[in-house]
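Taking it in order: structure first as structure tokens, then the write-up.
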Amino acid sequence: MIRNVQFLRFIAAAMVVFAHYPLFAVTELGANPSLLKLGGFGVDIFFVISGFIMLLILYPTSTSNTNTPAMSWSQFIKKRIYRVWPLYFVGTALVFIVASIINGSSISNDVEISRAYNSSKADIFLVLQSLTFSHAFIAPVLDVGWTLQFEFAFYITIALSLAIGIRKCDSLILAFSLILLRQAWPRLR
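To convert, count from 1 in the sequence shown and add 1435; that's the working numbering.
Encoded structure:
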């Protein structure tokens, strides 16, 4: 089963890479632009897989008759932070360094890298907000970090559910899911 999930992750990653195909200036090779939109679906697949993996982490044995999670809320959130944040910190630091170098050089604004890593990326407050996932309305310094903002909101929801007790959260989770579905409905149609 895990092998199938890993294969699905590979397909989702390929969809995301293919969606970024235009960034590499190779759309002239005849790629159908409408197919490039599938990358968003690849991100959705990653989020679904993440939810599945969280269940496997919290309840590793399917033969167990207990509803007791394998770890506490604090252990869960610490493991998620230790797994994701160090690499994200290094990536964000590299973007900050590249932005600083580009700002001090004569690279013109029409070069792709100077557009992606401009002086706004070198703002220390944006860097701190990016590293703490504390601003959902501004793109993080490391552009791909937008997915981590949502992922960490998901992790915090799981940690709160563990702290309160998952069974006590059933109605709350259902209500929250319905609210999110209602908000997303116009974009889903």
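Here a beta-carbon is modelled for each residue, glycine too, at the ideal position from N, C-alpha and C.
Check                                                                                                       : Outcome
Pro1596, enclosing alpha helix (DSSP H) - first and last residue                                            : The sequence given here has Ser at residue 1596, not Pro. Residues Trp1581 to Ile1599.
Ile1573, DSSP secondary structure in three states                                                           : coil
Gly1474 beta carbon less than 8 Å from that of Phe1453                                                      : yes
For Pro1504, the three-state DSSP class (helix, strand or coil)                                             : coil
Cβ-based burial, Phe1511 [other Cβ within 10 Å; buried from 16]                                             : buried
Rounded distance between the beta-carbons of Leu1443 and Pro1504, thought under 8 Å                         : That pair is no contact at about 24 Å.
Supposed contact pair Leu1561 and Val1395 - C-beta distance, whole angstroms, cut 8 Å                       : The displayed coordinates of the chain run from 1436 to 1624. Any statement about residue 1395 would go beyond what the structure contains.
Cβ of Phe1476 within 8 Å of any chain C Cβ                                                                  : The chain inventory of the structure shown lacks chain C, comprising one protein chain alone.
Given Trp1520 as reference, the closest of Ala1447, Thr1582, Leu1607 and Ile1608 once Cα atoms are compared : Thr1582
Nearest neighbour of Thr1513, chosen from Leu1609, Tyr1590, Gly1600 and Ile1599 [CA to CA]                  : The amino acid occupying residue 1513 in the given sequence is Lys; Thr does not appear at that position. Comparing Cα-Cα distances from Lys1513 to each of Leu1609, Tyr1590, Gly1600 and Ile1599, the minimum goes to Tyr1590.
Check whether Ala1447 and Ile1480 have beta carbons under 8 Å apart                                         : yes
Classification of Tyr1517 by the beta-carbon crowding that lies within 10 angstroms, buried from 16 upward  : exposed
Beta carbon of Gly1477 nearer than 8 Å to that of Val1451                                                   : yes
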